[in-house]
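In this note's numbering, the protein residues as written are 23 to 598. The C-beta atom is built at its ideal place from N, Cα and C for all residues, glycine as well. A quick note: this is a predicted structure, and the numbers were derived from the prediction, not measured.
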């Protein structure tokens, strides 16, 4: 055993857990931890604010198999991370956030920069821990790391009073495997369950896979890809599952939902067996009249509470609570063992037909640059080494529609919480987890302004992130909603002054920082931008009046999907 103070115990635990970087912002109540980090090989990335630090840590988690770590001080510092913690909780992202706190005897008083962390974060995190006198700090931290990853993953917030950071402890050097193995999920489908599934499955002529974030892991992606190499079932996915199956697969019809692809939203109306895996049945997907009603549903998910909800609301014929990758492999092993095959050629042809017949499109004749056109150009430049982050708004949905991601964990976006300001700080975390990847942070001007300070972080640390800003001088998605619901009265969504964001980026130290206003130079400049070294910033001035299509109106069904004036059926479609 080795004697050390609480701050040194925290850092030693992170080292034992293999943590290479932490993201944070310092302050008085966390100084002992930062002092201990100075003696460690762990890199410290200082963001422009605490919200960004937690976003970067979550970006590290989203794009790897590790748990990102953020360390901040007390009071306004930890409350600044609340949005990021809630965002990670909504998307089931493992995350560790450590906060300094006033000494324990001052908790509950009016002490400077004191806040009730447990009370505030209780409903926004998977777990909140208030460190107290007799707590075993080493076990607590090591356990929290694996708890964050276990089951339905999520963020853990650990509040450490200043006196507990300074107090001496005996470090026991407990093997981390003890904590990792304690969360191992041993649940498998038995033979009888597999037989029950395939009885339903083989009765279907038009089965459809609905893939969710529960498959957004190396194991989950590999399992479902092998499953579908065997069965070749048409699939649609949630926003969180982009890249789980290669977007170039002819039977993957992309994102389903309010702003889903036209062909995904058409195919959902024709299936007779709906196999949902690792999805939370988001309201923008599920609360559409006629969605998966009157057909057989199979549902696999690790979250018992969600399973209970869906059993009541949807009445699935087959369910399993457990790890999605494990369950899919069990089903595939059973199918191979019993030589189970599925003859759905006509349905496969129908899926190909819809995908080829109803391509996404936009106003190609406009003299102004269309955001959809930019995404169409960028789609041709995506390869296996490309990783995307987005802000929230029309640009986010266009990226989800147009970009065909090839690998799992390659598309990072704020799904459940819809947090503007997400893209740039998340891209920083993605870089540190994937230093050799080409990382493109796609943003709108509204989202970019939310965490504008990360331009300084990226430039000062020379992080090779490529920021692609679609600047329409408005909050485009909300503006579209105003046009539809408030007779075009656009209160608070437009910005009259045209700010040159590329000049701001240049002032921060971006060597490549350009503003594009002319349509005819876009393609060539985009290629230069993508090939440039170091931090890059491209601002493209886009059409303020562009409307996002397709869309399913609020309260409408998939049959009510509005395609807009430019998405049309392509004639002469030949299926080989």
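Worksheet item: So what does DSSP say about residue 536, is it helix, strand or coil?
Response: strand
Fill in: Helix, strand or coil at residue 584 [DSSP, three-state]
In this structure, DSSP gives residue 584 an extended state, which the three-state scheme calls strand.
Discussion item. If I measure Cβ to Cβ from residue 343 and keep anything under 6 Å in the same chain, skipping five residues before and after, which residues do I get?
Written reply: 326 and 329
Discussion item. Let's see if you can read the secondary structure: which residues bound the alpha helix (DSSP H) around residue 301?
Written reply: Counting along the chain, residue 301 falls outside any alpha helix (DSSP H), and DSSP gives it neither H nor E.
Worksheet item: Is it a yes or a no for the stretch 347 to 362 touching the stretch 501 to 520, going by three-plus beta-carbon pairs under 8 Å?
Response: no
Worksheet item: How long is the line joining the alpha carbons of residue 35 and residue 124, rounded to whole angstroms?
Response: 22 Å
Discussion item. Please state the DSSP three-state secondary structure of residue 359.
Written reply: helix
Discussion item. Within 10 Å of its beta-carbon, does residue 212 have 16 or more other beta-carbons around it, so buried, or fewer, so exposed?
Written reply: exposed
Worksheet entry | Sequence-distant residues of the same chain with beta carbon closer than 8 Å to residue 538, five excluded per side | 391, 544, 547, 560, 561, 562 and 563
Item to complete: Please go through the same chain and pick out, in chain order, the residues whose beta-carbon is closer than 6 Å to the beta-carbon of residue 75, but skip the five residues on each side of it.
Response: 45, 46, 47, 69 and 92.
Discussion item. Along the chain, where does the alpha helix (DSSP H) containing residue 487 start, and where does it finish?
Written reply: First-last for residue 487: 487 to 493, but that is the beta strand (DSSP E), not the alpha helix (DSSP H).
Worksheet item: Taking all protein chains shown into account, do 16 or more other C-beta atoms lie within 10 angstroms of the C-beta of residue 205, making it buried, or fewer, making it exposed?
Response: exposed
Worksheet item: According to DSSP, which residues form a beta bridge with residue 91?
Response: 118.
Discussion item. Could you check whether the stretch 177 to 194 touches the stretch 123 to 141, counting it as contact only if at least three pairs of C-beta atoms, one from each stretch, sit closer than 8 Å?
Written reply: Yes, since at least three Cβ pairs between the stretch 177 to 194 and the stretch 123 to 141 fall closer than 8 Å, the two stretches touch.
Discussion item. Here's the rule: buried if 16 or more other CB atoms are within 10 angstroms of the residue's CB, otherwise exposed. What is residue 350?
Written reply: buried
Worksheet item: Between the stretch 208 to 226 and the stretch 280 to 295, are three or more C-beta pairs nearer than 8 Å?
Response: yes
Item to complete: Identify the continuous beta strand (DSSP E) that holds residue 460 and give its terminal residues.
Response: 460 to 466
Worksheet item: When DSSP builds the beta bridges, which residues end up paired with residue 338?
Response: None; residue 338 has no bridge partner.
Worksheet item: If you pair each beta-carbon of the stretch 427 to 438 with each one of the stretch 259 to 267, do three or more pairs fall below 8 Å?
Response: yes
Discussion item. Could you check whether the stretch 444 to 460 touches the stretch 520 to 533, counting it as contact only if at least three pairs of C-beta atoms, one from each stretch, sit closer than 8 Å?
Written reply: Verdict: no, contact absent.
Practice prompt. Flag this pair as touching only if the stretch 135 to 154 and the stretch 89 to 109 have three or more C-beta atom pairs under 8 Å; answer yes or no.
Written response: Pairwise C-beta distances place the stretch 135 to 154 in contact with the stretch 89 to 109, as three or more of them are shorter than 8 Å.
Worksheet item: Near residue 426, which residues of its chain fall below 7 Å by C-beta distance, leaving aside the five closest residues on each side in sequence?
Response: Counting only Cβ-Cβ distances below 7 Å, and skipping sequence neighbours, we find 269, 270, 401 and 404.
Worksheet item: Using DSSP with H/G/I as helix, E/B as strand and the rest coil, what is residue 403?
Response: coil
Worksheet item: On the premise that residue 118 lies in contact with residue 142, defined as a C-beta separation below 8 Å, what is that separation, rounded to the nearest angstrom?
Response: Contact doesn't hold; Cβ gap of about 17 Å is too wide.
Worksheet item: Helix, strand or coil for residue 559 per DSSP?
Response: Here residue 559 carries a strand assignment [DSSP, helix/strand/coil].
Fill in: Span separating the alpha-carbon of residue 445 from that of residue 470
8 Å
Worksheet item: What's the C-alpha gap between residue 63 and residue 42?
Response: 8 Å
Item to complete: Output the distance between the C-alpha atoms of residue 417 and residue 526, rounded to the nearest integer angstrom.
Response: The C-alpha of residue 526 is placed about 21 Å away from the C-alpha of residue 417.
Worksheet item: What are the residues that DSSP puts in a beta bridge with residue 548?
Response: For residue 548, which the question treats as bridged, DSSP gives no partner whatsoever.
Fill in: Proximity of residue 610 and residue 198 at Cβ, strictly below 8 Å
Residue 610 lies beyond the stretch modelled for the chain, which goes from 23 to 598, so this question has no answer here.
Item to complete: Please list, in chain order, all residues of the same chain as residue 245 whose beta carbon is under 6 Å from its beta carbon, the five residues on each side excluded.
Response: Short of 6 Å from the beta carbon of residue 245, and not among the five residues preceding or following it, lie these beta carbons of its own chain, in chain order: 347, 350 and 351.
Worksheet item: With DSSP run on the structure shown, which of helix, strand or coil describes residue 348?
Response: helix
Practice prompt. Out of 576, 593, 489 and 499, point me to the one whose CA is closest to residue 558's CA.
Written response: 489
Item to complete: Just tell me which of 485, 464, 482 and 503 has its CA closest to the CA of residue 491.
Response: 464
Worksheet item: Do you know offhand how far residue 30's Cα is from residue 356's?
Response: Each residue's CA atom was taken as its position, placing residue 30 and residue 356 some 50 Å apart.
Fill in: DSSP three-state assignment for residue 522, whether helix, strand or coil
coil
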